[in-house]
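Residue numbers (the UniProt record's numbering): 1 to 319.
Backbone N, C-alpha and C define an ideal beta-carbon position, used for all residues, glycine too.
What follows is a set of notes on a single structure, which appears directly below.
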């Protein structure tokens, strides 16, 4: 692991510890004390400096939870060192960076994955199947929200030079959910971002996406809200709502709320440990490569980055 981030301490490294498919052998930090703290808890080596970890021959793959603004540089360094990479979302801050990394991974025959952990939760497979089966009729509108209360002022997500801002962080989830569930090619029709004057980063926003056949995706996100993590699919015959869509606890039993003109049904699903599922899927991809699957994963990562670029451009036009 490169970098001792909070998400790694709370969620990802405990999931690695539960996995039978991957073993954490070393944790690197520029701060020896941080590396030692992680290493003691998770039973691995502490390494001072990211380059020293990339030089180790016993490291097969790298998990990279560094701030978003550092992803492009250290993903590239890891790939050039011959390591497979699981990078925290988003893969990069721009489509140009994401495309470069995707090409480099392909050229070197290495697995590069964006840690799109929510997409590994089985609840979304169920939703996609219900949609494909026509349970809601034809999809008309997708709406999604990911937002939470203000972060501590020292949080890296308030630092523009480190890729901070709500669009790249909270906004990632509804954008990727739209790519996952809305058929057709999505384009940005409108966008509005509100910037914090003190930090200079966007702290909330709304986006309208659309397809050529008239399906729209209405997305909201931010750091200045009461917590919500949800999406709704509204079809010609019915609608489906899912709360706790993106960050459910591993023991959470999701409930799909479905409503039609003359009836209602709530479908309770089984829990799923999405962090563990994402790690095991990454390990499986490394051991039994499927080039087509990897190209599709990276195509989605790049497409998400293209939409982020387009949101920024739309917002600049408004300003």
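#1: Note down the Cα distance separating residue 123 from residue 288, rounded to an integer number of angstroms.
#2: Around the Cβ of residue 7, are there at least 16 other Cβ atoms within 10 angstroms (buried) or fewer (exposed)?
#3: Quick check: what's the CA-CA separation for residue 175 versus residue 237?
#4: In the DSSP output, what is residue 164 paired with across the bridge?
#5: Does residue 30 pass the burial test, meaning 16 or more other C-beta atoms within 10 Å, or should it be called exposed?
#6: Between residue 83 and residue 59, how many whole angstroms is the CB-CB distance? I'm expecting something under 8 Å.
#7: What does DSSP give as the partner residues of residue 146 in its beta bridges?
#8: Does the distance from the C-beta atom of residue 302 to that of residue 95 stay below 8 Å?
#9: Using three-state DSSP, classify residue 114 as helix, strand or coil.
#10: Can you tell me whether residue 88 is buried or exposed? The criterion is at least 16 other CB atoms within 10 Å of its CB, across all chains shown.
#11: State the CB to CB distance for the pair residue 74 and residue 38, rounded to an integer number of angstroms; the pair is presumed to be in contact (CB under 8 Å).
#12: Just to check my reading of the structure: residue 113 and residue 284 have Cβ atoms closer than 8 Å, yes? What is that Cβ distance to the nearest angstrom?
#13: Return the chain-ordered list of same chain residues with a C-beta closer than 6 Å to the C-beta of residue 103, the five sequence neighbours on each side being excluded.
#14: Kindly indicate which three-state DSSP category residue 106 falls into: helix, strand or coil?
#15: Under a three-way DSSP split, which group does residue 91 fall into?
#16: Out of 46, 121, 1, which has the shortest C-alpha to C-alpha gap to residue 271?
#17: In the DSSP output, which residue or residues are listed as bridge partners for residue 260?
#18: The beta strand (DSSP E) with residue 215 in it runs from where to where?
#19: Ordered along the chain, which non-local residues of its own chain (more than five positions away) have a Cβ less than 6 Å from that of residue 220?
#20: Using a 10 Å radius around the Cβ and a threshold of 16 neighbouring Cβ atoms, would you call residue 266 buried or exposed?
#21: What span of residues does the alpha helix (DSSP H) with residue 276 cover, start to end?
#22: Measuring alpha carbon to alpha carbon, tell me which residue in 3, 197, 183, 222 is nearest residue 214.
#23: So for residue 84, helix, strand or coil by DSSP?
#24: Can you give the Cα-Cα distance for residue 234 and residue 249, rounded to whole angstroms?
#25: Span of the alpha helix (DSSP H) holding residue 127?
#26: Taking residue 71 as the reference, give the member of 273, 162, 200 with the closest Cα.
#27: Under the criterion of a Cβ to heavy atom distance below 7 Å, does residue 220 qualify as lining the ligand SAH?
#28: Helix, strand or coil for residue 304 per DSSP?
#29: Considering only residues of the same chain and omitting the five flanking positions on each side of residue 279, which have a CB-CB separation below 8 Å?
#30: Less than 7 Å between C-beta atoms, sequence neighbours within five positions excluded: which residues of the same chain meet that for residue 108?
#31: In chain order, what residues of the same chain have a beta carbon less than 7 Å from the beta carbon of residue 178, not counting five sequence neighbours either side?
In this structure, then:
#1: 25 Å
#2: exposed
#3: 24 Å
#4: Residue 164 is not bridged to any residue.
#5: Residue 30 is exposed by the Cβ-count criterion.
#6: 6 Å
#7: Here residue 146 is bridged, per DSSP, to 221, 229.
#8: yes
#9: strand
#10: buried
#11: With 8 Å as the limit, residue 74 and residue 38 do not qualify as a contact, their Cβ atoms being about 17 Å apart.
#12: Separation of the CB atoms of residue 113 and residue 284 is rounded to 11 Å, and the pair is thereby denied contact status at 8 Å.
#13: Around residue 103: no qualifying Cβ.
#14: helix
#15: coil
#16: 121
#17: 238
#18: No residue range can be given for residue 215, since it is assigned to no beta strand (DSSP E) and is classified by DSSP as neither H nor E.
#19: 145, 206
#20: It counts as exposed.
#21: 274–287
#22: 183
#23: strand
#24: The straight-line gap from Cα to Cα measures roughly 26 Å.
#25: 122–132
#26: 162
#27: As far as ligands go, the structure on display features none, and thus does not contain the ligand SAH.
#28: helix
#29: 12, 15, 16, 19, 21, 22, 86
#30: 79
#31: 142, 144, 186, 209, 217, 219
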